[in-house]
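A.B. asks: Residue numbers (my numbering): 24 to 541.
First the structure, then my questions, so here it is.
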């Protein structure tokens, strides 16, 4: 790519991002979400930020957590590699702006880019979070924000304690003052301040230390030493990747960041020591559950985060509904909230979710719904009470379509129900039945209908009480006609007129012809 082509490409990206951006509100808080990296270790052509956790891209989970946790905050999302894919996945949102980081020169540089692209006229506080932290929730963000307002410090860090296997801590370590400090002039230790945050050292910078080299850090007039082994094995508090700043000191100091590290990048964590050196105050907040601050760089951690998200859902619902296998199911967050809401009535829900069942976004759940093993429901689907969806059945419609399955509808195993479909109460679709309704030709099936055998119905109207067996109908009106005894006449073995019959040869005839040729 020539320089001119590269410049045009950058211009096109920035113009597209501008169209997806919206004006900030007068709220005094800004949240910068860092979503510019691709994540080489994830080994995927999909942007790291678009990998899903419990059905939702990580970037979107983070955005919703900060939007709902720090009420009415303005948001700037810094994008870089595959910028438009990430931005389009988020879409145009209120009080949300996109900033393009052309070259990834470190987290500090990414925040600088975000600040430069943000309207800071009303901003007093700035929060920073990584887009791969897909388990973060609005309650944690609210508590973090509230603690910052209460502490009235210049900076707040969200930290956590590493409790994994030895040698597996790749996080930046928080450096705090401790009880004893060394007086280098007198070569003796004396009582010093304790517990104050001095800075952070990144994992790769610890590895860059010589085995016999100590890290020496100063806090006011005191100096503290940390050996390489101590940093690697005995220091467990790490920066979780979420920061809060008063905007003025942040703007003053971020422009002084230097790339004096093993990665030759601008580290956001270097601001911690800079705040200390400028006598600015720092507080910390540790969430109740360390797992909410997990971020992923590879498929192993992503899988772990998916498992945590699934377990969170299971724990919310396990005493309310029946989930056959807590390790193998999916219920979208919106459906989980529905279940929790209707449970407030304190009536038995009697909802059953089978092994491997998938209940997607848009599904409206109801009392007594039974979704069997491997069944999949996706789209704007309204389930009546005591609806039964059999093993491996597929029930789905597009975003602009609607499906209604009324009370006591029975969909047997393996059936496929697609599109704009209405099915009346007490209707049964036995095994081998597939039905479809389109935007132009919706499908309406009345109540007390029985459809069985290998049947397919598309874009038709089926009256109440009809009986259909081994039939194919397109654009038809199937009435419930009564015989002389007052019973519904069964529609059986009705097929459309065949086409292309000349292309079909019975196998026995073909074998005879081959024998004659020999």
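Where a beta carbon is used, it is the ideal one built from N, C-alpha and C, also for glycine.
Any chance the region 131 to 150 sits against the region 271 to 287, with 3 or more Cβ pairs inside 8 angstroms?
C.D. replies: Contact between the region 131 to 150 and the region 271 to 287 is present: 3 or more CB-CB pairs across the two stretches fall below 8 angstroms.
A.B. asks: Opposite residue 246 in the DSSP bridges: which residues?
C.D. replies: 241
A.B. asks: Rounding to the nearest angstrom, what Cα-Cα distance links residue 407 and residue 445 in this structure?
C.D. replies: Residue 407 and residue 445 have their C-alpha atoms roughly 11 angstroms apart.
A.B. asks: Thinking C-beta only, is residue 386 closer than 7 angstroms to residue 363?
C.D. replies: no
A.B. asks: Going by CA-CA distance only, name the one from 308, 69, 404 and 392 that's closest to residue 166.
C.D. replies: 308
A.B. asks: CB residue 472 to CB residue 485, shorter than 7 angstroms?
C.D. replies: yes
A.B. asks: Can you tell me whether residue 354 is buried or exposed, with buried defined as 16 or more other CB within 10 angstroms of its CB?
C.D. replies: So residue 354 ends up on the buried side.
A.B. asks: Contact between the region 77 to 86 and the region 127 to 136: three or more CB pairs below 8 angstroms?
C.D. replies: no
A.B. asks: Is it buried or exposed, residue 398, if we count other Cβ atoms within 10 angstroms and call 16 or more buried?
C.D. replies: buried
A.B. asks: Could you pull out every residue in the same chain whose Cβ sits closer than 8 angstroms to the Cβ of residue 170, ignoring the five residues on either side in sequence?
C.D. replies: 179, 306 and 308
A.B. asks: Can you check the region 30 to 90 for any alpha helix (DSSP H) of at least 4 residues that lies completely inside it and give the ranges in chain order?
C.D. replies: none
A.B. asks: Report the CB separation of residue 89 from residue 291 in whole angstroms; it is logged as a contact under 8 angstroms.
C.D. replies: Not really, about 17 angstroms apart at Cβ, beyond 8 angstroms.
A.B. asks: For a test of the three-state rule: what should DSSP assign to residue 195, helix, strand or coil?
C.D. replies: coil
A.B. asks: Measure the alpha-carbon distance for residue 56 versus residue 149 and round it to whole angstroms.
C.D. replies: 11 angstroms
A.B. asks: Evaluate residue 377 with the Cβ neighbour count: other Cβ atoms within 10 Å of its Cβ, from every protein chain shown; 16 or more gives buried, anything less gives exposed.
C.D. replies: buried
A.B. asks: Which residue from 48, 79 and 155 puts its Cα closest to that of residue 116?
C.D. replies: 48
A.B. asks: How should residue 184 be labelled, buried or exposed, when 16 other C-beta atoms within 10 angstroms of its C-beta is the threshold for buried?
C.D. replies: exposed
A.B. asks: Which runs of the alpha helix (DSSP H) at least 4 residues long sit entirely within the region 92 to 117? Give them in chain order.
C.D. replies: 106 to 113
A.B. asks: Identify the continuous alpha helix (DSSP H) that holds residue 166 and give its terminal residues.
C.D. replies: Counted as a single uninterrupted DSSP element, the alpha helix (DSSP H) harbouring residue 166 occupies residues 161 to 174.
A.B. asks: When you compare only the Cα positions, how much space is there between residue 286 and residue 237?
C.D. replies: 20 angstroms
A.B. asks: Could you please give the first and the last residue of the uninterrupted alpha helix (DSSP H) stretch that includes residue 357?
C.D. replies: 356 to 365
A.B. asks: Please classify residue 450 as buried or exposed, where buried requires at least 16 other C-beta atoms within 10 Å of its C-beta.
C.D. replies: buried
A.B. asks: Among the candidates 120, 106, 109 and 102, whose CA atom is the shortest distance from the CA of residue 96?
C.D. replies: 120
A.B. asks: Going by the beta-carbon positions, is the gap between residue 77 and residue 380 smaller than 7 angstroms?
C.D. replies: No, Cβ-Cβ distance for residue 77 and residue 380 is not below 7 angstroms.
A.B. asks: Taking the alpha helix (DSSP H) that residue 263 falls in, what are its first and last residues?
C.D. replies: Unbroken run through residue 263 is the beta strand (DSSP E), 260 to 269; no alpha helix (DSSP H).
A.B. asks: Alpha carbon to alpha carbon, how far is residue 502 from residue 396? Give it in angstroms, no decimals.
C.D. replies: Distance between the alpha carbons of residue 396 and residue 502 is about 34 angstroms.
A.B. asks: Which value, in whole angstroms, describes the spacing of the CA atoms of residue 402 and residue 508?
C.D. replies: 43 angstroms
A.B. asks: Counting only the same chain and skipping the five closest in sequence on each side, list residues whose C-beta sits under 7 angstroms from that of residue 328.
C.D. replies: 76, 157, 158, 317 and 319
A.B. asks: Buried or exposed for residue 500, please, with buried defined as at least 16 other CB atoms from any protein chain shown within 10 angstroms of its CB.
C.D. replies: Within a 10 Å sphere around the beta-carbon of residue 500 sit fewer than 16 other beta-carbons, which makes this residue exposed.
A.B. asks: Given a cut-off of 7 angstroms on the beta-carbon distance, is the pair residue 512 and residue 491 in contact?
C.D. replies: no
A.B. asks: Starting from residue 460, trace the beta strand (DSSP E) both ways and give me its first and last residue.
C.D. replies: 456 to 460
A.B. asks: Just confirm the distance between the C-beta atoms of residue 429 and residue 470, as a whole number of angstroms; I'd bet it's less than 8 angstroms.
C.D. replies: 7 angstroms
A.B. asks: So residue 222 packs on residue 198, CB below 8 angstroms; how close in whole Å?
C.D. replies: 5 angstroms
A.B. asks: According to DSSP, is residue 212 part of a helix, a strand, or is it coil?
C.D. replies: Interpretation of residue 212 is limited by its pLDDT of 43, a score under 50 that renders its predicted location unreliable; no figure is taken from the coordinates.
A.B. asks: Taking only three categories from DSSP, how would you classify residue 404?
C.D. replies: strand
A.B. asks: Counting only the same chain and skipping the five closest in sequence on each side, list residues whose C-beta sits under 7 angstroms from that of residue 461.
C.D. replies: 442, 443 and 482
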